[in-house]
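Residue numbers (this note's numbering), protein chains in the order written: chain A, 1 to 114; chain B, 1 to 115.
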């Protein structure tokens, strides 16, 4: 069965600084990979997803992620963060061809300080 | 387009009481999911419906949790009797189909506190 590890539970950064949120997954088959964001008191919304093709995926709000199959990673990056990016970020994986259910990591709380 | 609706938003109950949550997915979405999100953890799938049939309920504690989607549209999740460890946010999501590549659209969640 697949699993996801988000290496940092909390990431504090200053406004306009770059940020990287790390995600590693484990699976014996090919996977689809997702990043979701959860703002306070709201449901999750999709930031971006990797299905196939180019390993660099661009999403909403200036975020991007790179799929690295050899390192089984899907790290999320943004070159310059804003106060409004403060939220919890979840990496998720589903296995191709099996049940294809979505398995989430524990989340990374990103706090952007002025 | 209206999003996924959930009610109530908050619920406080005593242990051993029962509670029910309601979800109305995005119109036309065949697949509906219920997740449990315990504080400090990511969402965990409890049950997945396609139309009114169950696709996956392997992680649903069936001795106390039940869910239905009778007409293939809205759904209810019930807990009876509740335990302290059921305190969590219950998220409902929907998607057009069942493929693992599809985007899931989440509601705002119901925050349950069991005392």
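Note that beta-carbon positions come from the ideal geometry of N, C-alpha and C, so glycine has one too. Since the structure is predicted, the reported quantities are computational estimates derived from the model, not experimental observations.
Practice task
Decide if residue 37/B is buried, meaning its Cβ has at least 16 other Cβ atoms within 10 Å, or exposed.
Solution key: buried
Problem - Closer than 7 Å to chain A by CB, residue 106/B - result: yes
Exercise for the section: Within the same chain, show all residues whose beta-carbon is closer than 7 Å to that of residue 88/B, passing over the 5 residues directly before and after it, in chain order. Expected result: 36, 37, 38, 112
Practice task
Kindly say whether residue 45/B, judged by its beta-carbon, lies nearer than 7 Å to any beta-carbon of chain A.
Solution key: yes
Problem - contact_flag[the region 20-29 of chain A, the region 74-94 of chain A] where n(CB pairs < 8 Å) is 3 or more - result: yes
Handout entry: Per-residue DSSP class, three states only, for residue 84/B
Key = helix
Problem - Bridge partners - residue 56/B, DSSP secondary structure assignment - result: 48/B
Problem - Listed by chain order, chain B residues near residue 94/A by CB distance under 7 Å - result: 100
Exercise for the section: For residue 113/A, write down the residues that DSSP places opposite it in a beta bridge. Expected result: 14/A
Problem - Where residue 80/B meets chain A, residues with beta-carbon distance less than 7 Å - result: In chain order: nothing, as chain A lies at least about 25 Å away.
Practice task
Determine the direct distance from the alpha carbon of residue 11/B to that of residue 58/A, and round the result to whole angstroms.
Solution key: 38 Å
Practice task
Quick one: which residues of the region 36-47 of chain A get their C-beta closer than 9 Å to a C-beta of chain B? List them in chain order.
Solution key: 36, 38, 41, 42, 43, 44, 45, 46
Practice task
Can you tell me the Cβ-Cβ gap for residue 27/A and residue 2/A, rounded? I've got them flagged as a contact below 8 Å.
Solution key: 4 Å
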